[in-house]
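Q:
Residue numbers (the working numbering): 261 to 447.
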């Protein structure tokens, strides 16, 4: 079983330090939700009322949905069983997109190329991407045609004063924040 889950301290870092303060109207999309750790962290550490995870594995979706129901989170948090490119509206509506080790482990290179091109076409201008590893590293072996410097701007933690010194401090250096600079490209 490979979950690629974020630890609780790292989730706290993402939602209380790395990202700017979010309000109830912001929409969070977690790509490759697996067992839902990012969804639970977003529910715990933000007031967002629209937190959505997309996961291709139906068993993981079922487990996550059971947990959402058990902890009364289903009104704010949804998990959708789908392949990302079949739900472009979720990407287009998201204010924050979380990509944690989502493609490298699970997709062949050509599929990774296609999904990155899909993301570039669909993530709205000023959208925020939380990524691990660095997007530059993810795109390096691919022939996407994406000019990262024209698409994204790396950002420092938005609320560095909130960064807590935890045992996960070294982990904090493994997750990155980007802002989309340009309007989505042609479909």
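All C-beta atoms in this analysis are idealised placements derived from N, C-alpha and C, irrespective of residue type, glycine included.
Please read all numbers here as calculations on a predicted model, not as lab measurements.
Quick one: what's residue 506 bridged to in DSSP?
A: The structure shown does not extend to residue 506, since the chain is modelled only from 261 through 447, so no value can be given for it.
Q: Where residue 425 and residue 270 are concerned, what is the direct C-alpha to C-alpha distance, given to the nearest angstrom?
A: Reliability of the predicted coordinates at residue 425 is poor, the pLDDT of 45 falling under 50, and no value is obtained from them.
Q: Between residue 309 and the rest of its own chain, which residues show a CB-CB distance below 6 Å, the 5 nearest in sequence each way excluded?
A: Cβ within range, chain order: 284 and 336.
Q: Between 298, 416, 326 and 306, which lies nearest to residue 394 when the distance is taken from Cα to Cα?
A: Taking only the C-alpha atoms, the option nearest residue 394 is 416.
Q: Where does residue 436 sit, in a helix, a strand or coil, going by DSSP?
A: Three-state result, residue 436: strand.
Q: Would you check if there are 3 or more beta carbon pairs closer than 8 Å linking the region 315–328 to the region 348–356?
A: Touching, no.
Q: Go through the region 403–427 residue by residue and report every complete run of the beta strand (DSSP E) that reaches 3 residues or more, in order.
A: The qualifying runs are 412–415.
Q: Can you tell me which of the three DSSP states residue 347 falls into?
A: Reduced to three states, the DSSP call for residue 347 is coil.
Q: Skipping 5 residues on each side, what residues in its chain have a beta carbon closer than 6 Å to that of residue 286?
A: Counting only Cβ-Cβ distances below 6 Å, and skipping sequence neighbours, we find 308 and 355.
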